[in-house]
Amino acid sequence: MFASQDQTVDQKLMTLWHNYADNNQVATSLRDVESMRHSSQNLGLMVSIAAFGLNEVARLTLRSRKYC
């Protein structure tokens, strides 16, 4: 998610919170959004690490004379 989209979502969530702070459903949706953000950040980190690792393996095997 782009930074501008992230700010827009934050503003919408804060508006919901200010208007419906006493509503349990809003609190649940805020927790759900934070949970989704956390899991997507973890997934992005894992994908980046896996891509880096696979890139290094490919680089080393392509340079090795053993695999030519």
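Here the sequence shown stands for residues 138 to 205, where the numbers follow my numbering.
Where a beta carbon is used, it is the ideal one built from N, C-alpha and C, also for glycine.
To the nearest angstrom, report how far apart residue i and residue j are at their CA atoms.
i: Ala164; j: Val170; result: 10 Å
i: Gly181; j: Tyr157; result: 32 Å
i: Arg200; j: Ala187; result: 20 Å
i: Met173; j: Phe189; result: 24 Å
i: Ser177; j: Arg168; result: 14 Å
Does residue i come out as helix, strand or coil in the three-state DSSP assignment?
i: Met138; result: Note that Met138 scores a pLDDT of 47, beneath 50, so its modelled location is shaky and nothing firm can be said.
For this session: Would you list, in sequence order, the uninterrupted alpha helix (DSSP H) runs of no fewer than 4 residues that lie entirely inside the region 148-195?
Result: Scanning the region 148-195 for uninterrupted alpha helix (DSSP H) segments of 4 residues or longer gives nothing; none is fully contained.
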